[in-house]
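Its first residue numbered 14, the sequence shown is counted upward by one per residue in the numbering used here. Note that CB positions come from ideal geometry on N, CA and C, so glycine has one too. For clarity, every value in this text was computed on a predicted model and none was experimentally measured.
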Amino acid sequence: MIENISDSALRKIKRCMELSKSSNENEAAIALKQMKLLMDQHNVTQQHVMAVDVTTKSNNLDVVARPARWVLGLHSVIAQAMDCEGFVCEGGYWGPMQVSFLGVGASPEIAGYAFEVLYKKLKNDRAEFIQSNLQRFKRSNKTKLADAFCDGWVANVYTKVKNLSPNHEAAEKIKAYKETNADKYSKESFKVKDRYDRSDNKAQAAMHMGASSSSDVNLFVATGHQEKNLIGANQ
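In structure tokens, the structure reads:
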């Protein structure tokens with residue numbers, strides 16, 4: 014958000030922008046003139062106005078270092094399903110890492126709730142997989158195969174919630190928000206490496222078991238493109 018300008022002023026500009034598209038030529042001309050005056054007065058751009066509708070929601074993780082690939086994968090799956098964009102944020106000095114969602118309207122809040130529910134379920138399934146299948150493995154191999162299990166879990170969820178009709182208007186607003194807050198958002202934290210060989214038979218078996226384990230996950234029911242109602246995971 015820009016300094017020295019209130020939300021109400023930005024919303025007035027936004028309202029004028031909407032009225033400038035009116036089919037009534039006189040009304041549109043007046044609104045356009047008023048919009049330009051307000052934008053010049055407050056030194057704002059169209060990107061600032063579009064960004065007004067964008068909100069954020071953050072969830073704490075239980076790690077202080079860079080999250081595992083499967084955590085970021087779940088974050089990305091939920092973000093795209095809810096027409097949001099996801100980012101990883103450092104939690105400050107010794108604070109927990111955070112995953113954040115940028116979106117329009119209630120989407121970030123719903124996405125944040127979905128992540129909380131599914132992250133908990135995935136961690137529980139991971140622990141159960143280790144307990145039931147990996148007791149005799151070395152710790153390093155346990156981690157690798159458990160990661161493969163989680164990747165399979167997340168990949169299967171993605172096939173069920175892939176967003177085939179993304180909201181392009183929301184995407185443009187999110188883009189505008191990022192442009193006006195460029196110093197806050199970076200995808201560097203998403204650059205992680207696999208901790209296992211995907212061609213390994215044991216890893217492939219673990220991924221398959223992960224996919225089967227997430228067969229009961231149901232993220233949302235679409236009630237129209239503009240609104241998605243979360244119904245969580247069957248547990």
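| Query | Result |
| --- | --- |
| Ordered list of alpha helix (DSSP H) runs contained in the stretch 23 to 74, each at least 4 residues | 38 to 55, 59 to 63 |
| Cβ shell of V167 (< 7 Å), same chain only, five flanking positions each side left out | W83, G86, L87, V90 |
| Three CB pairs or more closer than 8 Å across the stretch 131 to 142 and the stretch 213 to 231 | yes |
| Rounded separation between G237 and C163 - CA only | Below a pLDDT of 50, predicted positions are generally treated as unreliable, and G237, at 35, falls in that range; no measurement from the model is reported. |
| Distance CB(A189)-CB(Q47) smaller than 8 Å | no |
| Reduced DSSP secondary structure (H/G/I, E/B, other) of Q148 | coil |
| Assigned secondary structure, E98 (DSSP; H/G/I helix, E/B strand, else coil) | strand |
| Cβ contact check for the stretch 66 to 73 and the stretch 140 to 150: 3 or more pairs under 8 Å | no |
| Local conformation of L177 per DSSP, three classes | coil |
| DSSP three-state assignment for G223, whether helix, strand or coil | helix |
| Opening and closing residue of the beta strand (DSSP E) in which S113 lies | 111 to 117 |
| DSSP beta-bridge partners of V84 | Note: V84 sits in no beta bridge, so no partner. |
| V205 in three-state terms, based on DSSP | coil |
| Alpha carbon of I187 to alpha carbon of K175, nearest angstrom | 19 Å |
| Beta-carbon gap between W107 and V77 smaller than 8 Å | yes |
| Per-residue DSSP class, three states only, for A235 | Since pLDDT at A235 reaches only 32, below the 50 mark, its modelled position is unreliable, and the value read off the structure follows with that caveat. In the structure shown, A235 sits in a strand (DSSP, three-state: E or B). |
| Proximity below 8 Å, CB of G99 to CB of V117 | no |
| Residue of P121, A41, M95 minimising C-alpha distance to K173 | M95 |
| CA nearest to the CA of N258, picked from N56, K133, M222, L51 | With the chain covering 14 to 248 only, the question about residue 258 has no answer from this structure. |
| Alpha carbon of I26 to alpha carbon of E122, nearest angstrom | 26 Å |
| S178 classed as buried or exposed, judged by whether at least 16 other C-beta atoms fall within 10 angstroms | exposed |
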